[in-house]
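**Student:** Heads up, the sequence shown is in UniProt numbering, so the first residue is 1 and it goes up one at a time.
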Amino acid sequence: MKYKFNLKLLLGAATIAIFTAGCQLSSPTGASAPSTDDAANSSSATTEVAQAPGKRSDINLTDNQKAQMKQIREQTQAKILALLSAEQQEKFKAANKDGRGSPVRSLRSLDLSADQKQKVQEILSDQRQQMQAILTPEQQAKMKRHR
């Protein structure tokens, strides 16, 4: 049972990480928008995931959609950080400080309690639903084809 839960959590988080990385692409060449966030506000947990050029660029997000996605990611990160102890927060921030760490790997390395894991899964599920609601039906169809 524990293995199944961890697998669902990992797959859900990985899906969101890939989805958000694809949503941050600014051109068909796969170039990503520069991040203006600094490590002090710990927004690096929502850092882009390395991805093959053009894999999600055909979704063509509007600037408004990109802004909404960024806001959702920041809110999600704040909710997740609020669940963590001070020590876990420090480890999480340190692992993602340079913007190249994987938030999913960082969370897995924190030895989360069963309650924390469940709450993180709920938060990520809510994030996924919010992001899907931003997309047009055509964009949603393109996302499904890429899965």
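Note that beta-carbon positions come from the ideal geometry of N, C-alpha and C, so glycine has one too.
Values in this document were obtained by computation on a predicted structure and should not be read as measured data.
(1) Can you tell me whether L135 is helix, strand or coil according to DSSP?
(2) Using the Cα positions of A95 and A86, report the straight-line distance between them to the nearest angstrom.
(3) Please confirm if the stretch 124-142 is in contact with the stretch 92-110, defined as three or more CB-CB distances below 8 Å between the two stretches.
(4) What's the gap between the Cα of R147 and the Cα of E122?
(5) Would you mind working out which of K144, K117, K119, Q130 sits nearest M69, comparing C-alpha positions?
(6) Find the nearest neighbour of K117 within the set G99, M143, D98, K79, judged by alpha-carbon distance.
(7) My guess is that V120 and L83 are in contact by the Cβ rule of under 8 Å, so how many angstroms apart are they, rounded?
(8) Just to confirm my understanding: we take A40, look at its own chain, exclude 5 residues before and 5 after, and list those with CB closer than 7 Å. What are they?
(9) Could you tell me which of Q89, K142, A141 sits nearest to residue 178, measuring between CA atoms?
(10) What's the gap between the Cα of G101 and the Cα of S109?
(11) Where does K97 fall in DSSP's three states?
(12) Hey, out of T62, Q71, A141, Q77, whose CA is closest to L124's CA?
(13) Grab the span of the alpha helix (DSSP H) containing R147 for me, first residue to last.
(14) Between A59 and Q139, how many whole angstroms is the CB-CB distance? I'm expecting something under 8 Å.
(15) So, is R73 buried or exposed, given that buried needs 16 or more other C-beta atoms within 10 angstroms?
**Tutor:** So, to answer that:
(1) To locate residue 135, count along the sequence shown from 1; it is residue 135. Coil, per DSSP.
(2) Residue numbering aside, residue 95 sits at position 95 when the sequence shown is read from its first letter. Residue numbering aside, residue 86 sits at position 86 when the sequence shown is read from its first letter. Roughly 14 Å between the two C-alpha positions.
(3) no
(4) Working through the sequence shown from its first residue, we reach residue 147 at position 147. Working through the sequence shown from its first residue, we reach residue 122 at position 122. Their backbone Cα atoms lie some 21 Å apart in a straight line.
(5) Along the sequence shown, one-based indexing puts residue 69 at 69. The shortest C-alpha separation from M69 is found at Q130.
(6) Position 117 of the sequence shown, counted from the start, is the residue given in the question as residue 117. K117 has its Cα closest to that of K79, out of G99, M143, D98, K79.
(7) Locating residue 120 in the sequence shown gives position 120, counting from the first residue. Locating residue 83 in the sequence shown gives position 83, counting from the first residue. Right, their Cβ atoms sit about 7 Å apart.
(8) Translated into the one-based positions of the sequence shown, residue 40 becomes position 40. With a pLDDT of only 32 at A40, under 50, the local geometry of the prediction cannot be trusted, and the value read off the model is given with reservation. Taken in chain order, the list of residues that qualify is empty.
(9) Nothing can be reported for residue 178: it is not among the residues displayed for the chain, which extend from 1 to 147.
(10) Counted from its first residue, the sequence shown places residue 101 at position 101. Counted from its first residue, the sequence shown places residue 109 at position 109. Each residue's Cα considered, the two are about 12 Å apart.
(11) To locate residue 97, count along the sequence shown from 1; it is residue 97. Coil.
(12) Taking the sequence shown and counting its residues from 1, the one referred to as residue 124 is at position 124. The shortest Cα separation from L124 among T62, Q71, A141, Q77 belongs to Q77.
(13) Reading the sequence shown from its first residue, position 147 is the one you call residue 147. Taken as a continuous stretch (DSSP letters only), R147 belongs to no alpha helix (DSSP H), as it is neither H nor E.
(14) Within the sequence shown, residue 59 is the residue found at index 59, counting from 1. Within the sequence shown, residue 139 is the residue found at index 139, counting from 1. Inspection of the sequence shows that residue 59 is occupied by Ile rather than by Ala. Yes, I59 and Q139 are in contact; Cβ-Cβ is about 5 Å, under 8 Å.
(15) As a first step, residue 73 must be located in the sequence shown, where it is residue number 73. The residue is buried, with at least 16 neighbouring Cβ atoms inside 10 Å.
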